[in-house]
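Student: If you scroll down you'll find the structure; I have some questions about it.
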Amino acid sequence: MPPSTGTDPVRIPAQRSSAVASPGAVWRWSWYLMRAVAVLSVVGGLVYTLVTGAEIPPPAVLAAVCALVVLGHVLVVRVRTGTGVLRLGWGEAALMVACYFVSVGLVPAVFLVSVGLQQYGGLRAGKVANRRKMVNNTAALTVSAAAAATTAALFGLRPEAELDGRTVTALVAGAAVFLVFSAGIVAGLATIEFDQRAARVARTLIRTKVPMAVGNAIVGLAMIAGFAGNRMWLLVLPPSLWLLHQTFAFRAVNEDERRSWQTFAEATRELNHLDEPQAAAAGLDGAIRLFGGRTGEIVIDGPPGPPRVYSIAGDGVVTRVEAPPGHRDGDPLGDLAGPGRGRALATRALLVAGARIGELRILSANVLNRRDALMLNAYGDALAASLHDAATNSELRALTERSDHDANHDPLTGLVNRSALLARGSARLGALDTAAPVALLLLDINHFKEVNTTLGHKAGDSLLEIIAERLSARSAPADLVVRLGGDEFAVLFAGTGAQQPAAVERARLLAADLARPTEVAGVQLSVEASIGVVAAAAGEIDVTELLRRADIAMYQAKRDGASVAWYEADRDNASTDRLALLAELREALAGRDQLYLDLQPVVGLPSRRPVSVEAFVRWRHPRRGTLTPKDFVRAVEQSELLGQFTRYVLDAALDFAAKLRAVGTALPVSVNLSPRSLHDRQLPADVAHLLHERDVPANGLILEITETVVLSEDRVVDEVLAELRALGVQLSVDDFGTGCSALTFLTRVALDEVKVDRTFVTRMVDRPEAAAIVRTTVELGRELGRRVVAEGVETPEQCAALIALGCTTAQGYHFSKPMPAHTAVEALRGNGPVVRTDPAPPRRRATNGSSGPAPSGGATYRAPSPLS
Numbered sequence: 071m072p073p074s075t076g077t078d079p080v081r082i083p084a085q086r087s088s089a090v091a092s093p094g095a096v097w098r099w100s101w102y103l104m105r106a107v108a109v110l111s112v113v114g115g116l117v118y119t120l121v122t123g124a125e126i127p128p129p130a131v132l133a134a135v136c137a138l139v140v141l142g143h144v145l146v147v148r149v150r151t152g153t154g155v156l157r158l159g160w161g162e163a164a165l166m167v168a169c170y171f172v173s174v175g176l177v178p179a180v181f182l183v184s185v186g187l188q189q190y191g192g193l194r195a196g197k198v199a200n201r202r203k204m205v206n207n208t209a210a211l212t213v214s215a216a217a218a219a220t221t222a223a224l225f226g227l228r229p230e231a232e233l234d235g236r237t238v239t240a241l242v243a244g245a246a247v248f249l250v251f252s253a254g255i256v257a258g259l260a261t262i263e264f265d266q267r268a269a270r271v272a273r274t275l276i277r278t279k280v281p282m283a284v285g286n287a288i289v290g291l292a293m294i295a296g297f298a299g300n301r302m303w304l305l306v307l308p309p310s311l312w313l314l315h316q317t318f319a320f321r322a323v324n325e326d327e328r329r330s331w332q333t334f335a336e337a338t339r340e341l342n343h344l345d346e347p348q349a350a351a352a353g354l355d356g357a358i359r360l361f362g363g364r365t366g367e368i369v370i371d372g373p374p375g376p377p378r379v380y381s382i383a384g385d386g387v388v389t390r391v392e393a394p395p396g397h398r399d400g401d402p403l404g405d406l407a408g409p410g411r412g413r414a415l416a417t418r419a420l421l422v423a424g425a426r427i428g429e430l431r432i433l434s435a436n437v438l439n440r441r442d443a444l445m446l447n448a449y450g451d452a453l454a455a456s457l458h459d460a461a462t463n464s465e466l467r468a469l470t471e472r473s474d475h476d477a478n479h480d481p482l483t484g485l486v487n488r489s490a491l492l493a494r495g496s497a498r499l500g501a502l503d504t505a506a507p508v509a510l511l512l513l514d515i516n517h518f519k520e521v522n523t524t525l526g527h528k529a530g531d532s533l534l535e536i537i538a539e540r541l542s543a544r545s546a547p548a549d550l551v552v553r554l555g556g557d558e559f560a561v562l563f564a565g566t567g568a569q570q571p572a573a574v575e576r577a578r579l580l581a582a583d584l585a586r587p588t589e590v591a592g593v594q595l596s597v598e599a600s601i602g603v604v605a606a607a608a609g610e611i612d613v614t615e616l617l618r619r620a621d622i623a624m625y626q627a628k629r630d631g632a633s634v635a636w637y638e639a640d641r642d643n644a645s646t647d648r649l650a651l652l653a654e655l656r657e658a659l660a661g662r663d664q665l666y667l668d669l670q671p672v673v674g675l676p677s678r679r680p681v682s683v684e685a686f687v688r689w690r691h692p693r694r695g696t697l698t699p700k701d702f703v704r705a706v707e708q709s710e711l712l713g714q715f716t717r718y719v720l721d722a723a724l725d726f727a728a729k730l731r732a733v734g735t736a737l738p739v740s741v742n743l744s745p746r747s748l749h750d751r752q753l754p755a756d757v758a759h760l761l762h763e764r765d766v767p768a769n770g771l772i773l774e775i776t777e778t779v780v781l782s783e784d785r786v787v788d789e790v791l792a793e794l795r796a797l798g799v800q801l802s803v804d805d806f807g808t809g810c811s812a813l814t815f816l817t818r819v820a821l822d823e824v825k826v827d828r829t830f831v832t833r834m835v836d837r838p839e840a841a842a843i844v845r846t847t848v849e850l851g852r853e854l855g856r857r858v859v860a861e862g863v864e865t866p867e868q869c870a871a872l873i874a875l876g877c878t879t880a881q882g883y884h885f886s887k888p889m890p891a892h893t894a895v896e897a898l899r900g901n902g903p904v905v906r907t908d909p910a911p912p913r914r915r916a917t918n919g920s921s922g923p924a925p926s927g928g929a930t931y932r933a934p935s936p937l938s
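Per the numbering used here, the very first residue in the sequence shown carries number 71; after that it's consecutive.
Next up, the structure:
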């Protein structure tokens with residue numbers, strides 16, 4: 071397969087690299103030299119025999135010796151060393167017999183012929199890989215035999231000599247030299263061929279071959295000694311060698327099994343990677359170590375991703391190459407996929423739950439035996455599971471990354487979204503010095519809805535993409551460009567350019583850039599934007615507050631018809647202070663010492679005797695001082711504290727009514743209700759419970775509501791009002807005449823009392839139209855049987871005019887200012903006329919919640935949706 075420029079090598083640590091490097095020229099020339107030495111040894115031996123006239127044994131003896139040599143090398147013990155397999159024979163006994171019965175010059179020829187026949191038979195039987203190995207093995211053993219025979223001759227060995235100490239020494243010396251030469255040649259060439267450290271191969275040979283040689287030599291000497299007494303003893307040598315072979319083969323197999331399964335366990339354990347390249351690299355390294363491979367590759371042709379090949383080189387580097395363009399399923403993939411690689415190519419399909427994901431291929435120096443084939447199957451399954459887990463993890467990681475990206479980015483423009491602005495913006499502010507300037511630009515596209523309705527939503531999306539591109543083009547890499555949603559964008563930045571003058575100038579340039587004409591859906595458009603600018607120190611503000619302030623500035627720009635406006639604190643009518651106020655109110659409701667009532671009597675005309683009392687709530691704040699409803703009621707009405715607050719005030723008012731009754735004054739107490747309270751189905755039950763708990767009759771409570779109730783179409787309001795009427799609670803309409811539905815209100819709600827708004831009462835003396843409204847309301851109440859109360863009576867002239875119009879009840883500063891509960895109890899004891907004892911204030915239009923001017927101790931107030 072051609073190399074790919076996208077190859078990404080993954081290097082295996084050198085101490086674990088097991089790939090077999092190509093032996094190269096050193097390996098080839100070593101074998102050429104070995105072959106030459108073998109030929110010279112045979113030729114030299116034959117010449118030596120002819121020159122010395124040494125006796126040539128009978129053909130039967132030569133045949134028997136050759137048969138023993140063949141037998142000694144047919145019976146081999148397989149010993150694994152690293153990536154290679156050593157085949158160790160029993161040549162020492164055969165050598166000793168050959169040296170004893172054949173002249174020294176003929177020994178190389180005997181080994182050449184015998185080993186050559188044995189190797190040829192192995193080649194035909196498939197036990198020898200190729201002719202090259204056949205020739206090389208024959209040459210190595212021939213050279214070893216020549217060296218051993220020469221050594222035995224030097225020690226004075228003669229054919230069929232008396233078996234004395236000299237002969238035994240010569241035979242043992244020859245066997246030792248044969249061991250050293252054969253083992254040395256095997257060790258050296260195995261080091262080159264299998265890329266193994268010489269010390270490791272030597273340890274393997276010492277552990278296995280040396281005990282074999284010792285036993286072999288003992289058997290050989292025993293056979294020769296027995297032959298001296300009886301030639302039939304020579305027949306005992308083959309079965310003796312076979313038994314010895316079986317013993318050592320069993321031992322070697324057990325050791326090899328132990329080491330192989332230990333290596334298998336290590337290799338499979340190292341497959342635990344959640345990254346595919348690392349899992350493939352570990353898989354190839356383990357396969358080379360397990361099966362003595364020269365090289366190997368993993369072909370992954372199953373999903374996910376394109377077909378790809380991981381291959382391991384001789385230096386332990388794993389390379390990943392993807393299939394070339396135009397590759398079709400079924401085409402060969404990988405360097406080891408084609409023909410002509412011989413029987414040493416082992417393959418294993420990688421399957422997960424029966425589905426193919428790829429293939430493992432190993433070009434081995436040896437043909438795998440049955441045990442190795444089974445191990446390859448098991449290893450392939452473990453590798454397939456590891457690669458599948460890695461692919462699954464990769465997909466999950468990619469899915470998580472996509473999910474994270476989608477959760478933090480706008481799908482249309484690719485900009486970060488609001489949640490990412492809050493998270494990343496907070497992180498950036500936290501990383502800055504507390505005095506470092508930061509700025510936020512908040513953009514809203516004017517008339518964007520017209521683009522959607524006129525040109526369609528696709529054109530609107532295109533326009534939003536153009537705006538996002540222009541914002542990004544005018545922003546630095548460190549800036550955070552955000553699409554907040556809809557047609558709103560934001561830019562968060564820091565540094566010297568984030569100081570207010572520079573930030574405002576940047577906003578103007580940005581507005582001018584957005585206004586450049588652009589074509590959308592074939593129409594030339596010019597984008598107009600309103601941009602709010604806020605600048606502050608990083609340590610003084612968070613992202614949420616930046617957004618809030620920028621939003622205020624942006625709407626200021628819209629109101630002013632300008633493209634840019636900056637945040638000014640004196641224009642901020644809503645601040646986080648309201649949130650703190652609600653938290654403090656929650657604490658106040660939990661106690662009984664901060665919220666209290668001021669009471670103002672409603673008197674009959676002209677007697678001035680009290681007929682009821684209206685309650686006004688006050689908040690004795692430990693830090694802010696005394697607060698009136700205008701300071702907190704609007705915030706309460708927009709929070710979840712409304713129900714708890716309403717019940718608190720009702721309980722306090724009924725407690726005051728009970729105290730009045732305890733001193734003999736049975737006056738009803740009126741309390742203002744928020745329109746939202748009438749949507750609470752629990753309210754009638756709560757009122758009934760409080761009346762029972764304070765032992766106050768239902769008609770001792772007056773609930774004041776406003777005309778805005780009639781605007782609600784919610785059936786719950788009608789049901790709550792009906793239940794309150796059924797309890798016997800009195801209902802009053804406050805600020806009557808200020809709404810556009812006053813008469814409708816009288817027909818929808820069964821009322822006990824109508825309170826004329828103070829705006830008409832304060833002007834009735836000077837303006838006839840105001841007097842006409844008051845007169846009409848009084849007459850309407852008389853006709854409908856409703857009590858009419860005039861609010862905001864401040865002067866004797868207003869009181870006299872009301873009496874002249876026939877109004878029977880009134881309330882205001884002219885009669886009494888709101889007073890604390892304990893003072894009100896004493897003032898109203900005995901139900902006598904209400905008379906002011908302090909000087910009347912100057913006449914003015916009342917702006918507070920009580921009927922009359924504000925007392926010097928703090929103005930009273932009823933909010934538009936009042937709670938008292």
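Positions of the beta carbon are idealized from the N, C-alpha and C atoms, including for glycine.
Between the alpha carbons of residue 832 and residue 575, how many angstroms are there, rounded?
Tutor: Distance between the alpha carbons of residue 832 and residue 575: 52 Å.
Student: For the putative contact between residue 605 and residue 507, defined by C-beta atoms under 8 Å, what is the C-beta separation to the nearest angstrom?
Tutor: About 6 Å separates the two Cβ atoms, so the contact holds.
Student: So residue 222 and residue 196 are in contact, right, with Cβ under 8 Å, and what is the actual spacing, rounded?
Tutor: That belief does not hold up - the Cβ atoms of residue 222 and residue 196 are roughly 35 Å apart, past 8 Å.
Student: Residues in the same chain with beta-carbon distance under 7 Å from residue 753, minus the five sequence neighbours each way, listed in chain order, please.
Tutor: Correct list, in chain order: 747 and 790.
Student: Cβ atoms of residue 851 and residue 939: under 8 Å apart, would you say?
Tutor: What is shown of the chain runs 71 to 938, which leaves residue 939 out entirely.
Student: Taking the C-alpha atoms as reference points, what is the distance between residue 417 and residue 369?
Tutor: The straight-line gap from Cα to Cα measures roughly 11 Å.
Student: Skipping 5 residues on each side, what residues in its chain have a beta carbon closer than 7 Å to that of residue 64?
Tutor: Because the chain here runs from 71 to 938, residue 64 falls outside it and cannot be looked at.
Student: Using CA atoms only, rank isn't needed, just tell me which of 351, 439 and 761 is closest to residue 721.
Tutor: The shortest Cα separation from residue 721 among 351, 439 and 761 belongs to 761.
Student: What does DSSP give as the partner residues of residue 594 in its beta bridges?
Tutor: Answer by DSSP bridge pairing, in chain order: 589.
Student: How many angstroms separate the CA atom of residue 459 from the CA atom of residue 352?
Tutor: Approximately 14 Å between the Cα atoms of the pair.
Student: On the DSSP bridge assignment, give the partners of residue 670 in chain order.
Tutor: 684.
Student: Assuming residue 602 contacts residue 512 (C-beta within less than 8 Å), just tell me the rounded distance between them.
Tutor: Between residue 512 and residue 602 the Cβ distance is about 4 Å, and since that is below 8 Å, they are a contact.
Student: Could you tell me if residue 868 is buried or exposed, where buried requires 16 or more neighbouring beta carbons within 10 angstroms of its beta carbon?
Tutor: When all chains shown are included, residue 868 counts as buried.
Student: Restricting to Cα atoms, I'd like to know which of 668, 107, 448 and 581 is closest to residue 686.
Tutor: With distances taken between Cα atoms, residue 686 lies closest to 668.
Student: Rounded to whole angstroms, what is the Cα-Cα separation between residue 236 and residue 226?
Tutor: Taking the straight line from one Cα to the other gives about 7 Å.
Student: Which residues mark the beginning and the end of the beta strand (DSSP E) in which residue 626 is found?
Tutor: Careful: residue 626 lies outside any beta strand (DSSP E), inside the alpha helix (DSSP H) at 613-630.
Student: May I ask you to list the residues that DSSP assigns as paired with residue 825?
Tutor: BP columns for residue 825 point to 859.
Student: Rounded to whole angstroms, what is the Cα-Cα separation between residue 710 and residue 614?
Tutor: About 22 Å.
Student: Considering only their Cβ atoms, is the gap separating residue 104 from residue 206 smaller than 8 Å?
Tutor: Closer than 8 Å, so yes.
Student: Exposed or buried, what is residue 189 when buried is set at 16 or more other beta-carbons lying within 10 Å of its beta-carbon?
Tutor: Answer is buried; the Cβ neighbour count reaches 16.
Student: For residue 772, which beta-bridge partners are listed by DSSP?
Tutor: According to DSSP, which records beta bridges pairwise, residue 772 is partnered with 740 and 800.
Student: Report the three-state DSSP secondary structure of residue 514 (helix, strand or coil).
Tutor: Of the three classes helix, strand and coil, the one that applies to residue 514 here is strand, per DSSP.
Student: Could you check if residue 881 is buried or exposed, using at least 16 other CB atoms within 10 Å of its CB as the buried criterion?
Tutor: Classification for residue 881: buried.
Student: Just to confirm, is the Cβ distance from residue 903 to residue 677 under 8 Å?
Tutor: Yes, the Cβ-Cβ distance between residue 903 and residue 677 is below 8 Å.
Student: Is there contact between the stretch 696-715 and the stretch 732-741, where contact requires at least three CB pairs shorter than 8 Å?
Tutor: Because the criterion of three Cβ pairs below 8 Å is not met, the stretch 696-715 and the stretch 732-741 do not touch.
Student: Just the Cα atoms here: how many angstroms apart are residue 209 and residue 110?
Tutor: Each residue's alpha carbon lies about 11 Å from the other.
Student: Taking the beta carbon of residue 794 as the centre, do at least 16 other beta carbons fall within 10 Å, making it buried, or is it exposed?
Tutor: It counts as buried.
Student: Please report how far the alpha carbon of residue 224 lies from the alpha carbon of residue 98, in whole angstroms.
Tutor: About 32 Å.
Student: Suppose the cutoff is 7 Å on Cβ atoms and the five residues either side in sequence are ignored; what does the same chain contact list for residue 247 look like?
Tutor: If we look at residue 247 and ignore the five residues flanking it on each side, its Cβ neighbours are 217, 218 and 221.
Student: For the candidate residues 106, 544 and 755, whose alpha-carbon lies nearest to that of residue 768?
Tutor: When only C-alpha atoms are compared, the closest one is 755.
Student: Taking the alpha carbon of residue 516 as the point to measure from, which residue in 584, 798 and 295 has its own alpha carbon closest?
Tutor: When only C-alpha atoms are compared, the closest one is 584.
Student: So, at 6 Å on beta carbons, what are the nonlocal neighbours of residue 499 in its own chain, with the 5 sequence-adjacent residues on each side left out?
Tutor: Once the five neighbours on either side are set aside, the close Cβ partners of residue 499 are 608.
Student: Does the distance from the CB of residue 749 to the CB of residue 784 come in under 8 Å?
Tutor: Yes, the Cβ-Cβ distance between residue 749 and residue 784 is below 8 Å.
Student: Does DSSP put residue 678 in a helix, in a strand, or in coil?
Tutor: Residue 678: coil per DSSP, three-state reduction.
Student: Any beta carbon of chain D sitting closer than 8 Å to that of residue 513?
Tutor: Here chain D cannot be found, since the structure has a single protein chain.
Student: Cutting at 8 Å between CB atoms, please list the residues of its own chain near residue 679, excluding the five before and the five after it.
Tutor: Only 673, 901, 902, 903 and 904 meet the Cβ criterion.
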